[in-house]
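Take a look at the structure set out below.
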Amino acid sequence: MKNFGIIFVAAVWGCTAVACAQQPQVPLNLVEREAMAPVMVPPLPLQLDFAGERVPLENFDTRESLIRELSVSCYMHSRTLLTLLATTRYFPIIEPILEQYGVPEDFKYLCMAESGLNPNVRSSAGASGLWQFMEAAGKEYGLFIGANRAVDERYHIEKSTEAACKYILDAKKRLGSWTLAAAAYNAGGGGVNSRMQKQGVTDYYDLFLPEETMRYVFRILSFKLITPNPSLYGFIIAPHEYYRPLTDYREIEVNAAQIDWSAVAREQGTNYKMLRELNHWIRDYTYANSARRTFVVRIPNADFRH
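Quick note on numbering: the sequence shown equals residues 1 to 306 in this note's numbering.
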């Protein structure tokens, strides 16, 4: 029996070794196959700025960091494509608010980097909405977050954009540049400032930061390059394929002590799904409004979905 076992194991081992040594078969003649799609290094401009502040592309680390984030944005096809499609829905809302507060328009690309222009997104850490506010920061900058987050203005497009403007202006005043203010949106103003003090530098491009923040501004810059010229970076989008703005609505006030949002929708001739499409800050079916707070609610008109 022992000899048989040795012979059997040897036979199996021999087969396994032979199988492992075999070269994979090529199912088709490579000459007959179509060429695979090329993977290319995304083109860089000769000059670039963020919010009017020059990007030093002559520096190898700056150039390589931008190539890295452009490559990620270009070859993470579906996420970038969906973000680009949403620009025509949300930029017309964001841009006038940035202008009103005196925040450079380039910060709309920060919003793209933060949320992919998805107003319902919530990170694993709890950052929420287009501008990805944490709860404490949202409240600090004037956003209302109700009990159990059943109402949460971090998801309110206009109000969260106003809060983001206030945060950015505070960071700019404290740190001295728009680029550092953008970095602070990721790492926090205190984190950026303490590293500036320790390293004795005042320029974002000279500053050593945690990897996520080191990449962050370049991710914003990648969207600044791709968005106006998507075809240059491999995204072919016809004008009619961009998402249309959702502007066909009217506004009502709701201040009941106990709000049933589905009932509100039915009373107004719509449904809960469409109510949420226009009011992302509504986060549950009901809200116990004991303070009798007044909410301005957008109601879709009859042709809203067409």
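In this text, a Cβ means the ideal position worked out from N, Cα and C, and glycines have one as well.
Original post:
Are the CB atoms of residue 84 and residue 243 nearer to each other than 7 Å?
Top reply: Contact check for residue 84 against residue 243 fails: the beta carbons are separated by 7 Å or more.
Subject >> Residue span of the alpha helix (DSSP H) that contains residue 226, given as start and end >> reply: 211-226
Subject >> residue 296, enclosing beta strand (DSSP E) - first and last residue >> reply: 295-300
**OP:** Leaving out five residues on either side along the sequence, give the residues of the same chain with a beta carbon under 7 Å from the beta carbon of residue 97.
**Re:** 158, 161, 162, 165
**OP:** Name the residue from 276, 58, 41 whose alpha carbon lies nearest to the alpha carbon of residue 261.
**Re:** 276
Original post:
What did DSSP end up calling residue 62 once you bin it into helix, strand or coil?
Top reply: Three-state DSSP puts residue 62 in a helix.
Original post:
Are three or more beta carbon pairs between the stretch 141-155 and the stretch 69-85 nearer than 8 Å?
Top reply: no
Original post:
Tell me which same chain residues have a C-beta within less than 8 Å of the C-beta of residue 317, skipping the five on either side of it?
Top reply: No answer is possible for residue 317: it lies beyond the span of the chain, which begins at 1 and ends at 306.
Original post:
What are the boundary residues of the alpha helix (DSSP H) that residue 179 is part of?
Top reply: 178-187
Original post:
Hey, quick one: how far does the alpha helix (DSSP H) through residue 276 stretch, first residue to last?
Top reply: 272-278
Original post:
Exposed or buried, residue 218, counting other C-beta atoms within 10 Å across all chains shown (16 or more means buried)?
Top reply: buried
Original post:
Does residue 154 get closer than 7 Å to chain D when you measure Cβ to Cβ?
Top reply: Protein chain content of the structure displayed is limited to a single chain, and chain D is not contained in it.
Original post:
Residues bridged to residue 313 by DSSP?
Top reply: The chain is shown from 1 up to 306; residue 313 falls before or after that span and cannot be answered.
Subject >> Own chain, CB closer than 7 Å to residue 292, minus 5 neighbours either side, in chain order >> reply: 255, 257
Original post:
Does the distance from the C-beta atom of residue 117 to that of residue 75 stay below 7 Å?
Top reply: no
**OP:** Please state if the CB of residue 249 and the CB of residue 210 are separated by a distance shorter than 7 Å.
**Re:** Cβ atoms of residue 210 and residue 249: not closer than 7 Å.
Original post:
Since residue 251 sits in a beta bridge, which residues does DSSP pair it with?
Top reply: DSSP links residue 251 through a beta bridge to 298.
Subject >> Bridge-paired residues (DSSP) for residue 338 >> reply: In the structure as shown, the chain begins at 1 and stops at 306. Residue 338 is therefore absent and cannot be evaluated.
Original post:
For residue 205 versus residue 42, is the C-beta spacing smaller than 7 Å?
Top reply: no
Subject >> Residue interval of the beta strand (DSSP E) (run including residue 260) >> reply: 258-260
**OP:** Taking the CB atoms as reference points, tell me whether residue 184 and residue 171 lie closer together than 7 Å.
**Re:** yes
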